[in-house]
Amino acid sequence: MSLSRDDLLKVSLEILHAAKEPALRYFRTALQVSDKEDESPVTVGDRETEKALRAEIKRRFPDHGVIGEEFGSDNPEAEYVWIVDPIDGTKSFISGMPLFGTLLGLLHQGRPIVGTIGMPALGEDFAGEVNGHSVMNGAVISCRETKNLHAAFVCCNELPSLFTTHPQLVSELTSRPRYLRPSNDCYPYAQLAAGWVDAVVDCNLQPYDYLPLVGVIEGAGGVITDWSGAPLTLHSDGRVIAAATAELHAEMVALFERVT
2 MSLSRDDLLK
12 VSLEILHAAK
22 EPALRYFRTA
32 LQVSDKEDES
42 PVTVGDRETE
52 KALRAEIKRR
62 FPDHGVIGEE
72 FGSDNPEAEY
82 VWIVDPIDGT
92 KSFISGMPLF
102 GTLLGLLHQG
112 RPIVGTIGMP
122 ALGEDFAGEV
132 NGHSVMNGAV
142 ISCRETKNLH
152 AAFVCCNELP
162 SLFTTHPQLV
172 SELTSRPRYL
182 RPSNDCYPYA
192 QLAAGWVDAV
202 VDCNLQPYDY
212 LPLVGVIEGA
222 GGVITDWSGA
232 PLTLHSDGRV
242 IAAATAELHA
252 EMVALFERVT
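Quick note: the sequence shown uses the numbering used here, first residue 2, plus one each step.
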């Protein structure tokens, strides 16, 4: 491929922008909501957004693969594969909350290299490249420099689930950080990359939920892995720790290994 990483970052944002119209068109309208096999909701907004993303990817890169939430895999063994979550936070979308996002990532030989978080209702776009930089609406962003948990602002997704499955972990997260905030979906990761919070804890994710986040977090200087500290791949178990610094991340991984 002749495109550089910077080119790919630019192109990924162009693809994201080309596909934002369906989500905005259907947001805060009377939507018919269906339940998928896993009982998660889906709407025409999800499907039309993914169709638009896939069409734009296919137009630009006909030899690339695509793995998406709504329409599955197309050429997933390709050297370059795009990961698509058209509306991350469908419950937010159908309830009129503007914190839903569109996630788009690019893998090279199975490894994330570029990622984007689009927030159509907020008018904010976050993008980053592994071993590169991250931007918010074109301006370079970076994570904070918080190095220990007692000084950290931690966002915890799926907190009700963690109460049931890992009560000791929830107890530690409630008492150790400076602040703990229950959160949802992709926006906490954008907050981390922009330097507004220090860490995000998550679980029960699919590859299209977490792989597009890698470029944004790492490009901003942060660290994002599974709970054991291993790099995120298509085969990760859906449990994620993202932190502003290597020191904070290491402390959190050690805590998770001790109590889970």
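Positions of the beta carbon are idealized from the N, C-alpha and C atoms, including for glycine.
Check	Outcome
Straight-line Cα distance separating residue 31 from residue 250	42 Å
Under 8 Å between C-beta atoms of residue 44 and residue 95	yes
Run of the alpha helix (DSSP H) containing residue 253, from where it starts to where it stops	247-260
Outcome for residue 164 when other beta-carbon atoms lying within 10 angstroms are tallied against a minimum of 16	exposed
Alpha-carbon spacing of residue 99 relative to residue 33, whole angstroms	18 Å
Residue 112 - containing beta strand (DSSP E), residue span	112-120
Rounded separation between residue 116 and residue 235 - CA only	14 Å
Residue interval of the alpha helix (DSSP H) (run including residue 30)	Neither: residue 30 is in no alpha helix (DSSP H) and is coded neither H nor E.
Inter-residue spacing [alpha-carbon to alpha-carbon] between residue 2 and residue 161	Its pLDDT being 49, under 50, residue 2 is placed unreliably by the model, and nothing is read from it.
Range covered by the beta strand (DSSP E) that runs through residue 243	241-244
Cβ distance (whole Å) where residue 211 is taken to contact residue 68 below 8 Å	So it is not a contact: roughly 12 Å between Cβ atoms.
Residue 153 (DSSP reduced to helix, strand or coil)	coil
Residue range of the unbroken alpha helix (DSSP H) whose run includes residue 1	Only positions 2 to 261 of the chain appear in the structure, and residue 1 is not among them; the question remains open.
Rounded distance between the beta-carbons of residue 244 and residue 224, thought under 8 Å	5 Å
N-terminal and C-terminal residue of the alpha helix (DSSP H) that residue 74 is part of	Counting along the chain, residue 74 falls outside any alpha helix (DSSP H), though it belongs to the beta strand (DSSP E) covering 73-75.
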